[in-house]
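Residue numbers (my numbering), protein chains in the order written: chain P, 150 to 381; chain W, 124 to 470. A virtual CB, placed ideally from N, CA and C, is assigned to each residue, including glycine. Working notes, beginning with the structure itself.
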């Protein structure tokens, strides 16, 4: 075989291989995840209006940083690098329920996605996927908080009754609530600062629970392998 | 043929004598350490402490014994600060003593360089002794001993393995809900953070801050008299700008828990000035002067405060005393100015 023919042959093979690779990548449903080392500075704001319904349940899944702001207006602002916010964060609203999820693991991205949630109608919060959330100066009669995975939640809001359910390695610091009902599982942590009311519920053997403030009645039981013991 | 053979035998004999004489002390000290280790593994921490102390007295060059003594002490007295204890034990040994301190990494220094410094330090510490293995052996025998998990966590923290340290402190907390030092150390793990910050983003920083506060508050709930916890909580109060009343309450607790804590006393005096409680501030300054009669700065503050309160004569007297005590030319000059200013007012 002549040298020119050899070169032509190699070139043809490379061409066939490149076309095949292109077809595999773009025709398949595999999504190309953005480079985590790409420290993009192009930030975008995505404003999502919320339906004005009396009961609102919020479900968040992902490594977001969330701030709940008490406001008469009703919307969410999602702030973050444009490539992540546009392609990998989904917002869904079904009646009085709102779901915000990330399609990919956000832990390896340097710039965070922050969500500001402006509402005065929040009744139920479900956080998972390592969300870090804070709530300040909120006022409502009752609030249900469910935390999963390694979610962290801090609240300093005047709430008459807070129902807290924690799972996995979640952590919560709840203050200014009058009454509370708690259920802690796995290795979850809760620091509760009561404002003159009662607390009741059960906590698992590996959980950590701290109680302070003005406490009227403490009826929390620690479950020790099937035996209930009253928590001091 | 015979000469090289004789030479070989003689050399071998001499070397074996040298080897045996050199090893005698080592083997004896190692024997003591092994004995201490057995006690440590069986959770007899006081017994282990005694043996390791004796080993240090007899063989002060055996660095391993110093580390082991610190491990035994922290398990025997769970309320003590491991790091302070270790520094106290190592005060006679400047080389590994300085190695125990975290290398100061300035913000301007590059991460790669910082990581090398940390790795080298860890390597050197592990060359002296790997206490983690001693703890693993003890934990295997006593899996429900919270003190052992706390001790191992302390070593992980010292070596910069923060994730492992957090796991150990968490386990200690799960075994003993009222282990204030485990909470304090877990808080420190979050506040000092993971050494390689490059791996973490802003959400991690925020999360760590919350977790640090959580653990400090829990430690304070369990033992409000713990001086180390009080100090950490005070830092949080300052950063969070809590109400002056709350800050004052904590400072008063700090002063009553530890009468030698002059920093808390000084902070309380300054806070009382902010709160327009001049009489209270005066009492604190007087206490400081009583405690440190030869300190020009405390005397200076007392004098200045008296002047502000209108006690001109007493104030000038204190300032004169401060001037006599001071060795700082600028302070002497400043005091003179104040004396001149108020002397004119007096006239």
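So, with DSSP's three-state summary, where would you put residue i?
i             : result
residue 250/P : strand
residue 336/P : coil
residue 365/W : coil
residue 214/P : strand
residue 376/W : helix
residue 446/W : helix
residue 144/W : Residue placement at residue 144/W is poorly supported in this model, since its pLDDT is 45, which falls under 50; the coordinates are not used for a value here.
residue 373/P : strand
residue 178/P : Unreliable positioning characterises residue 178/P in this predicted model, as indicated by a pLDDT of 43, which lies under 50. The coordinate reading is nonetheless provided below. If DSSP states are grouped into helix, strand and coil, residue 178/P belongs with coil.
residue 345/P : strand
residue 203/W : coil
residue 154/P : helix
residue 243/P : strand
residue 280/P : coil
residue 350/P : strand
residue 320/P : strand
residue 356/W : helix
residue 181/W : helix
residue 284/W : coil
residue 161/W : helix
residue 167/W : coil
residue 245/W : helix
residue 349/W : coil
residue 256/P : coil
residue 291/W : helix
residue 290/P : strand
residue 267/W : coil
May I have the straight-line CA-CA distance separating residue i from residue j, to the nearest angstrom?
i             : j             : result
residue 334/P : residue 357/P : 10 Å
residue 290/P : residue 273/P : 12 Å
residue 380/W : residue 275/P : 43 Å
residue 283/W : residue 410/W : 41 Å
residue 354/W : residue 360/W : 10 Å
residue 448/W : residue 427/W : 15 Å
residue 314/P : residue 232/P : 34 Å
residue 160/W : residue 204/W : 22 Å
residue 179/W : residue 173/W : 10 Å
residue 213/P : residue 286/P : 21 Å
residue 460/W : residue 405/W : 22 Å
residue 180/P : residue 153/W : Note on residue 180/P: pLDDT 46, under 50, position unreliable in the model; no value is reported.
residue 144/W : residue 357/W : Residue placement at residue 144/W is flagged as unreliable, the pLDDT there being 45, under the threshold of 50; a coordinate-derived value is accordingly withheld.
residue 453/W : residue 300/W : 53 Å
residue 226/P : residue 399/W : 44 Å
residue 293/W : residue 346/P : 30 Å
residue 298/W : residue 275/W : 14 Å
residue 265/P : residue 234/P : 14 Å
residue 376/W : residue 408/W : 17 Å
residue 385/W : residue 378/W : 8 Å
residue 404/P : residue 336/P : In the structure as shown, chain P begins at 150 and stops at 381. Residue 404/P is therefore absent and cannot be evaluated.
residue 198/W : residue 218/W : 25 Å
residue 471/W : residue 311/W : Nothing in the structure corresponds to residue 471/W, since chain W is present only between 124 and 470.
residue 416/P : residue 245/W : No answer is possible for residue 416/P: the residues shown for chain P start at 150 and end at 381.
What residues are listed by DSSP as bridge partners for residue i?
i             : result
residue 315/P : 296/P, 333/P
residue 196/P : 226/P
residue 422/W : DSSP output for residue 422/W lists no bridge partner at all.
residue 285/P : 218/P, 305/P
residue 266/P : 217/P, 225/P
residue 360/P : 341/P
residue 275/P : 208/P, 295/P
residue 366/P : 347/P
Residue j and residue i - do their beta-carbons sit closer together than 8 Å?
i             : j             : result
residue 471/W : residue 422/W : Nothing in the structure corresponds to residue 471/W, since chain W is present only between 124 and 470.
residue 156/W : residue 193/W : no
residue 267/P : residue 220/P : yes
residue 292/P : residue 311/P : yes
residue 262/W : residue 272/W : yes
residue 269/W : residue 306/W : no
residue 359/P : residue 331/P : no
residue 255/P : residue 211/P : yes
residue 238/P : residue 262/P : yes
residue 308/W : residue 280/W : yes
residue 374/W : residue 394/W : yes
residue 319/P : residue 340/P : no
residue 515/W : residue 252/W : Residue 515/W falls outside the range modelled here, since chain W spans only 124 to 470, and no answer is possible.
residue 367/W : residue 397/W : yes
residue 164/W : residue 264/W : yes
In the region 294-337 of chain W, which residue ranges form an unbroken alpha helix (DSSP H) of at least 4 residues, counting only runs that do not cross its ends? 303-315
Of all the alpha helix (DSSP H) runs that stay within the bounds of the region 387-415 of chain W, which reach a length of 4 or more residues? 401-414
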